[in-house]
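K.L.:
Per this note's numbering, residue -9 is the first one in the sequence shown, and the count goes up by one each step. Backbone N, C-alpha and C define an ideal beta-carbon position, used for all residues, glycine too.
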Amino acid sequence: MTLPPYETLGTFYLGRPIDPATGADRTEPLLYDARDLTTHAVCVGMTGSGKTGLCLSLLEEAAIDGIPAIAIDPKGDLGNLLLAFPDLDAKSFAPWIDRGEAARKGLSIDELAAKTAETWRDGLAQWDQDPERIRRFRDAAEVLIYTPGSESGRPLSVLRSFQAPSPETFADATALRERISASVSGLLGLIGIQADPVRSREHILLSSLFAHAWSAQSDLDLPAIIQGVQKPPFDKVGLFDLETFYPAKERVQLAMALNNLLAAPGFSAWMHGTPLDVQRLLHDEHGKPRISIISIAHLNDAERMFVVTLVLSEIVAWMRRQSGTSSLRAIVYMDEIFGYFPPSAMPPAKLPLLTLMKQARAFGVGVVLATQNPVDLDYKGLANAGTWLIGRLQTERDKLRLMEGLIGAGDDTLDRSALERLLSNLGNRVFLMRNVHEDEPVLFRTRWALSYLRGPLTLQEIAQLTPKQAAAPSPAPESSPPQTTAAAHGAKPIVPADVPEYFMRATASEIEYAAQVLGIVRVHFVDNKLGIDRWESRTYVVPPTEAGKL
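Shown next, in the form of structure tokens:
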């Protein structure tokens, strides 16, 4: 049996070309060379343009070819990749049918499920895809949804540890500086501080703490950071002594803000779950590819920025440990970059994104970025994107900004008038592909997605798709981790800066903090008759009462 051309390894089936003169679909498939994705791609289109379907189809094709992906999901749509039903029967679709839609159409859930299953069977058949292709997609890669900050899906432990970078990162001063800056900016953003890395005392102090710990190959966690803010392990910052640069009384405010984060209700969800290990997000223990979806739709803006910053920074660190390759090794996909890649600002997540856009090609990592807002994009930063997938846009302003951005970013081969004409006539599921590896832009209609495009999933629905046992923390990474600071074994309580602290030598293998009151007194004994005049020191350690009071 001869396989269709789109089943050739390294070929992605995205749809069918359209004749620009007639608007009719051609019969041959539009095939995209997977290696072209190492020069990255940007997908732009308004709501309803088919952007989500196209990007999910691209991830499906990658999975079938055994290429793993990490997909950051700010909107909740990417979980639809788990709704791929090889049987294409009503029973599979029924749990995911919108009850409101069924009521509006005057149908029962089962009736609408049957109609939806029929629609999917017919749609796939029109695009020469059979149920067996859905089965191949499901068998080729494991699709997982992680929910940092929530235990509804698979918790992702992004705050358990700021791990010390690899020796390769330490050898590159620029890479080390970028990683520290991104980590600190994300952490400060989480407590509502938008800090300038050069001018902010908070940013400079925390950066110094990270550099001090990481230079000793020690990981950091939030309790250790809080303790470091209170009593830094250094007494100078630059040429200034610590108290001149950032007095202890003022540092307490920063320590308390971080401590409030640690003490906040629900914060434990940030500390538990699968470790943020890029290798395990891309492959299981047997080497099977994964599509790991980092769902952040349930988080607020500051939390989203923090998660995206840490995930991208970990990807950059992992990438730099890989050998070079010209083939596509992995995909990093972000479903909406609005707010993360603006033209005139540097939010924490933008720095690792820029690094990926500039350097990932050499390591075989393809970056795919999507947005429905082409106005708020740094087109100079996207100049390295070799493929642009442009769908229907909402306003004339969007079209003008996109054309200005593409031409201004250095693509002087584009015919502005022809581009404007094409962009003005795009319909649903119709995209213009500009690929630097091809001679000219191609107009095409996207293929039918293998997955059921049901729309955004709620946390409750994500929980339904997540086996309960998966919520347990995964084993630690196989490689030996760097030495962890003592605070990682127990959160040391914060005390006022002017209260001295003493510690008893630990006899167990792990450090445990138990607060007690230490009293040191000098006792004077005097007896003239006996000729006694002596001073003695007495030390008392007072444990807390049964009520826990000192």
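By Cβ distance below 6 Å, which residues in the same chain neighbour Gly371 in space, the five residues on each side in sequence not counted?
P.N.:
Hits under 6 Å: Leu344.
K.L.:
Please report the distance separating the alpha-carbon of Pro58 from that of Glu428.
P.N.:
C-alpha separation (whole angstroms): 25 Å.
K.L.:
Could you check if Arg391 is buried or exposed, using at least 16 other CB atoms within 10 Å of its CB as the buried criterion?
P.N.:
When all chains shown are included, Arg391 counts as buried.
K.L.:
Can you tell me the Cα-Cα spacing of Met309 and Ser82, whole angstroms?
P.N.:
One C-alpha to the other measures close to 38 Å.
K.L.:
Hey, how far is the Cα of Gln459 from the Cα of Leu178?
P.N.:
With a pLDDT of 48 at Gln459, under the threshold of 50, the modelled position of this residue cannot be trusted, and the question is left open.
K.L.:
Considering only the alpha carbon of each residue, which of Ala375, Asn249, Asp225 and Lys226 lies closest to Glu346?
P.N.:
As written in the sequence, residue 346 is Leu, which differs from the Glu given in the question. That would be Ala375, whose Cα lies nearest to the Cα of Leu346.
K.L.:
State the Cα-Cα distance for the pair Glu122 and Gly176, rounded to the nearest angstrom.
P.N.:
C-alpha separation (whole angstroms): 44 Å.
K.L.:
Helix, strand or coil for Tyr330 per DSSP?
P.N.:
Residue state, collapsed to three classes: coil.
K.L.:
I'd like to confirm the pairing. Which residues does DSSP put opposite Glu132 in its beta bridges?
P.N.:
BP columns for Glu132 point to Arg280.
K.L.:
Do you know whose CA, among Ala131, Leu73 and Ala154, lies nearest Thr106's CA?
P.N.:
Here the closest residue by C-alpha is Leu73.
K.L.:
Contact between the stretch 214 to 226 and the stretch 161 to 171 is defined here as three or more beta-carbon pairs at a separation below 8 Å; is this criterion met?
P.N.:
No contact exists between the stretch 214 to 226 and the stretch 161 to 171.
K.L.:
If you follow the alpha helix (DSSP H) that Pro7 is part of, which residue opens it and which one closes it?
P.N.:
No alpha helix (DSSP H) holds Pro7; the beta strand (DSSP E) holding it covers Thr1 to Pro7.
K.L.:
Can you tell me whether DSSP reads Trp438 as helix, strand or coil?
P.N.:
Coil.
K.L.:
For the structure I just gave you, are there three or more beta carbon pairs, one from the stretch 436 to 452 and one from the stretch 64 to 80, closer than 8 Å?
P.N.:
Yes, since at least three Cβ pairs between the stretch 436 to 452 and the stretch 64 to 80 fall closer than 8 Å, the two stretches touch.
K.L.:
State yes or no: is the C-beta of Ile62 within less than 8 Å of the C-beta of Ile281?
P.N.:
Not closer than 8 Å, so no.
K.L.:
Whole angstroms is fine: what's the gap from Thr385's alpha carbon to Asn363's?
P.N.:
One C-alpha to the other measures close to 10 Å.
K.L.:
For the putative contact between Arg6 and Leu27, defined by C-beta atoms under 8 Å, what is the C-beta separation to the nearest angstrom?
P.N.:
Not confirmed; about 20 Å, so no contact.
K.L.:
Leaving out the 5 sequence neighbours to the left and right, which residues in its chain are closer than 7 Å to Asp55 when beta-carbon positions are compared?
P.N.:
Around Asp55: Leu(-1), Gly0 and Ala24.
K.L.:
Just verifying my parser: in three-state terms, what is the DSSP assignment at Gly38?
P.N.:
Here Gly38 sits in coil by DSSP.
K.L.:
Tell me the residue span of the alpha helix (DSSP H) that contains Ile99.
P.N.:
Start and end: Ile99 to Gln116.
K.L.:
Compare the beta carbon distance of Val174 and Leu196 with 8 Å and say whether it is the shorter of the two.
P.N.:
For Val174 and Leu196, yes; Cβs fall inside 8 Å.
K.L.:
Here's the rule: buried if 16 or more other CB atoms are within 10 angstroms of the residue's CB, otherwise exposed. What is Arg382?
P.N.:
It is buried - the Cβ of Arg382 has at least 16 other Cβ atoms within 10 Å.
K.L.:
I'd like to check one pair, Leu422 with Pro431: are the Cβ atoms closer than 8 Å?
P.N.:
It is a contact, given that the beta carbons lie within the stated cut-off.
K.L.:
If we count the other Cβ atoms within 10 Å of its Cβ and call it buried at 16 or more, is Met295 buried or exposed?
P.N.:
Looking at its Cβ environment, which holds 16 or more other Cβ atoms inside 10 Å, Met295 is buried.
K.L.:
Can you grab the Cα-Cα spacing for the pair His262 / Val242, in whole Å?
P.N.:
If you take the alpha carbons of His262 and Val242, they lie about 27 Å apart.
K.L.:
What number of angstroms, rounded off, separates the C-alpha of Arg94 from the C-alpha of Gly314?
P.N.:
Looking at the two C-alpha atoms, the distance is approximately 55 Å.
K.L.:
On the DSSP bridge list, what partners appear for Lys226?
P.N.:
Lys226 pairs with Asp231.
K.L.:
If you draw a straight line from the C-alpha of Leu413 to the C-alpha of Asp15, how long is it?
P.N.:
Looking at the two C-alpha atoms, the distance is approximately 17 Å.
K.L.:
Rounded C-beta distance between Leu(-7) and Tyr22? I'm assuming under 8 Å.
P.N.:
The Cβ separation is near 17 Å, so there is no contact.
K.L.:
Any idea what DSSP makes of Pro(-5), helix, strand or coil?
P.N.:
Reduced to three states, the DSSP call for Pro(-5) is helix.
K.L.:
Could you give the distance in angstroms between the alpha-carbon of Arg191 and the alpha-carbon of Gly228?
P.N.:
One C-alpha to the other measures close to 12 Å.
K.L.:
Give the straight-line distance between the Cα atoms of Met393 and Asp405, rounded to the nearest whole angstrom.
P.N.:
Straight-line Cα distance between these residues: approximately 10 Å.
K.L.:
For Phe235, collect the residues of the same chain with a Cβ closer than 6 Å to its Cβ; drop the 5 residues on either side in sequence, then sort them by chain order.
P.N.:
The answer, listed in chain order, is Val227.
K.L.:
Assuming Leu300 and Val148 are in contact, meaning their beta carbons sit under 8 Å apart, how far apart are those beta carbons, in whole angstroms?
P.N.:
Confirmed, Cβ separation roughly 5 Å.
K.L.:
Could you give the uninterrupted runs of the alpha helix (DSSP H) lying entirely in the stretch 349 to 415, keeping only those of 4 residues or more?
P.N.:
Counting only runs of 4 or more, we get 386 to 398 and 406 to 413.
K.L.:
Give every residue of the same chain whose Cβ lies closer than 8 Å to the Cβ of Ala350, excluding the five residues on either side of it in the sequence, and list them in chain order.
P.N.:
If we look at Ala350 and ignore the five residues flanking it on each side, its Cβ neighbours are Thr28, His30, Met309, Val322, Gly356 and Val357.
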